[in-house]
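One structure below.
Protein chains: 2
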Amino acid sequence: MKKLELVKGDVLQRKGDSNSKVFLVEQGLLYAYTIDEKGKEHIFMFAPKGWIVADISLAPNTSELYIEAIEDSVVIEKKRSSELNNTSNIKLERRIAVLQNRVIMLMSASAIERYSHFIKTYPEIVQRVPQRMIASYLGITPEALSKVKSAKMKNNKK
Amino acid sequence: MKKLELVKGDVLQRKGDSNSKVFLVEQGLLYAYTIDEKGKEHIFMFAPKGWIVADISLAPNTSELYIEAIEDSVVIEKKRSSELNNTSNIKLERRIAVLQNRVIMLMSASAIERYSHFIKTYPEIVQRVPQRMIASYLGITPEALSKVKSAKMKNNKK
DNA sequence: CTCATTTCTTAATCTAGGTTAATGCATATT
DNA sequence: AATATGCATTAACCTAGATTAAGAAATGAG
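Residue numbers (numbering that gives the first Met the number 0), protein chains in the order written: chain P, 0 to 157; chain R, 0 to 157.
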C-alpha cells in the first residue's frame with residue numbers, strides 16, 4: 000500500500016501484466032482500456048478522484064487492460080488480495096469480472112465474435128435457453144443470430 | 000433470508016420495485032432484463048446455479064431490471080444491506096452499478112442517447128478529455144461523435 | 001390428436017454508424 | 001516564425017446488422 004505520483008501519460012499497468020493490484024485515485028484522472036487485434040483502442044472506464052481502477056478479470060494473473068494517467072495524478076496502490084477476505088467480496092468480484100468482459104465484448108466485437116465467445120463461456124446455457132434470448136443477451140436481433148449461425152456452419156467453424 | 004421455490008415464468012422483481020434484495024440461485028436458471036421505451040427486451044444476465052442475481056443500481060430504491068425464472072428454480076433471498084458491512088464492498092457495489100448501466104447503454108441505446116447520458120452523468124470528464132476518448136468510451140468513432148454533436152446542436156438539444 | 005401460439009429461419013430492403021480521405025486547427029519542436 | 005504532429009470536423013461512400021415480412025418448425029393446451 001504505497002502512494003504513487005504520476006505524470007500525464009504514465010502507464011500503471013499493461014495488458015498481460017499481473018492484475019493483483021488495485022489503484023485508488025487520490026488526485027487527477029486515469030483511464031483503463033483494451034487494444035484489439037486491429038490495434039484499435041477501446042476505453043473501458045475513466046477514473047477520476049475517489050474512484051478505484053483495476054483489472055478485475057477471471058484469469059488469475061493476466062490483465063486484460065491498460066491503465067494510464069490522462070492528467071498528472073496521485074494514486075494509492077493496494078494488493079487486490081487484501082480485498083478478498085470474505086465471501087460476499089469474492090462473489091462481487093466475480094460479477095465485476097463478468098461485466099468487464101461483457102462491456103469489452105459489446106464495445107469491440109462483431110456479432111459472430113460475440114456469439115462464439117458466448118457459446119465457449121456458457122455452453123450449458125446455450126442448450127437451455129431459446130435463441131431469441133441469446134440474441135437479446137448478445138445485443139443483436141434473432142434474425143441476425145440466425146444468419147451468424149448459418150455462416151459459422153458453412154465455415155466449418157461450428 | 001428465506002428460500003423461494005419458483006416455477007418457470009415467475010417474476011421475482013419488476014422494474015420500479017425496491018432493489019434491496021439479492022437472490023442466490025440454488026437450482027434452476029433465472030435471467031435479468033430491461034424493457035426499453037419501444038417495448039424491446041434486453042437481457043442483462045443469465046443466472047444459473049451458484050450465481051447471484053440482483054439489481055445493483057445507484058438509485059436507492061428503484062430497480063432497473065426485471066428478474067424472472069426461465070426454469071423451475073430455487074433461490075435464497077437475502078437483504079442487500081447485509082452485504083454492505085465494509086468499505087471495500089461498497090466500492091465494489093458502486094463499480095457494479097456503473098457497469099450495469101454501461102452494459103444497458105451499450106445494448107439498448109443509439110449513439111445520440113449514449114452521448115447524452117454520458118454528458119449528464121460525467122460532466123466534469125467531458126471537459127477534461129479529448130473527443131476521441133469520449134467516442135471510444137461510447138463505442139463509436141470520433142467521426143460519428145462529431146455527427147452526433149452537430150445533430151444535437153441543430154435540434155437545440157444542446 | 002388438433003389447433004394455436006410461439007420460435008426459428010430466409011430473404012429483400014433500409015439505415016446507423018464505419019471507413020476513407022481531405023481540410024482546418026491547435027499544440028509542440030527546431 | 002516555420003514546420004510537424006495530433007485532433008476535430010465534414011463529406012462521400014460502404015457495410016453489418018436492423019426491419020419487415022412470410023413461411024417452416026417446434027411447443028403447448030384442450
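For glycine and all other residues, C-beta sits at the position ideal for the given N, C-alpha and C.
What do you get for residue i, buried or exposed, if any count of 16 or more other CB atoms within 10 angstroms of its CB means buried?
i	result
P/S80	exposed
R/S174	Because chain R in this structure spans residues 0 to 157, residue 174 of chain R falls outside the shown range and cannot be described.
R/S149	exposed
R/Q130	exposed
P/R13	exposed
R/K20	buried
R/D35	exposed
R/M152	exposed
P/I89	exposed
R/L64	buried
P/N60	exposed
R/S87	buried
R/K17	Sequence check: residue 17 of chain R is Ser here, not Lys. Burial call: exposed.
R/E123	exposed
Here's a check: name, in chain order, each residue in its chain whose Cβ is nearer than 6 Å to the Cβ of residue i, leaving out the five neighbours to either side.
i	result
P/V125	I118
P/V24	A46, K48, W50, V74
P/M0	K77
P/D9	A68
P/I111	V147
Considering only DSSP beta bridges, list what residue i is partnered with.
i	result
P/K1	P/E76
P/A31	P/M44, P/I66
R/L23	R/I51, R/I75
P/V10	P/E67
Identify, in the order they occur along the chain, each residue of the same chain with its Cβ nearer than 7 Å to the Cβ of residue i, setting aside the five sequence neighbours on each side.
i	result
R/D71	L5, V6, K7, G27
R/E40	Y32, I34
R/P141	Q130, R131, A134
R/A96	I55, S56, L57
P/M104	R113, H116
Who are the Cβ neighbours of residue i in its own chain at under 8 Å, not counting the five residues just before and after it?
i	result
P/I42	Y30, A31, Y32
R/V102	F43
R/L137	A110, R113, Y114, F117, L144
R/S62	Q12, R13, K14, G15, D16, S17, N18, D54, S56
**OP:** List in chain order: all unbroken alpha helix (DSSP H) runs of 4+ residues lying wholly within the stretch 87-131 of chain P.
**Re:** If we require 4 residues or more, the alpha helix (DSSP H) runs fully inside the stretch 87-131 of chain P come out as 110-120, 122-127.
**OP:** Could you please tell me which residues of the stretch 115-146 of chain R, in chain order, have their CB closer than 8 Å to any CB of chain P?
**Re:** Y121, E123, I124, R127, V128, M132, S135, Y136, G138
Original post:
Fully enclosed by the stretch 34-85 of chain R, which beta strand (DSSP E) runs are 3 residues long or longer?
Top reply: Fully enclosed beta strand (DSSP E) runs of no fewer than 3 residues occupy 40-47, 65-68, 72-78 of the stretch 34-85 of chain R, in order along the chain.
**OP:** Note down, in chain order, all residues in the stretch 103-114 of chain R with a beta-carbon under 7 Å from any beta-carbon belonging to chain P.
**Re:** L105, M106
Original post:
Using a beta-carbon distance cut-off of less than 9 Å, what residues from the stretch 25-48 of chain P approach chain R?
Top reply: L28, Y30, Y32, K39, E40, H41, I42, F43, M44, F45, P47
Subject >> Proximal residues, the stretch 90-103 of chain R versus chain P, C-beta separation under 8 Å >> reply: K90, L91, E92, R94, I95, V97, L98, Q99, R101, V102
Original post:
Which residues, in chain order, does the stretch 66-80 of chain R contribute to contact with chain P at a C-beta distance below 8 Å?
Top reply: I69, E70
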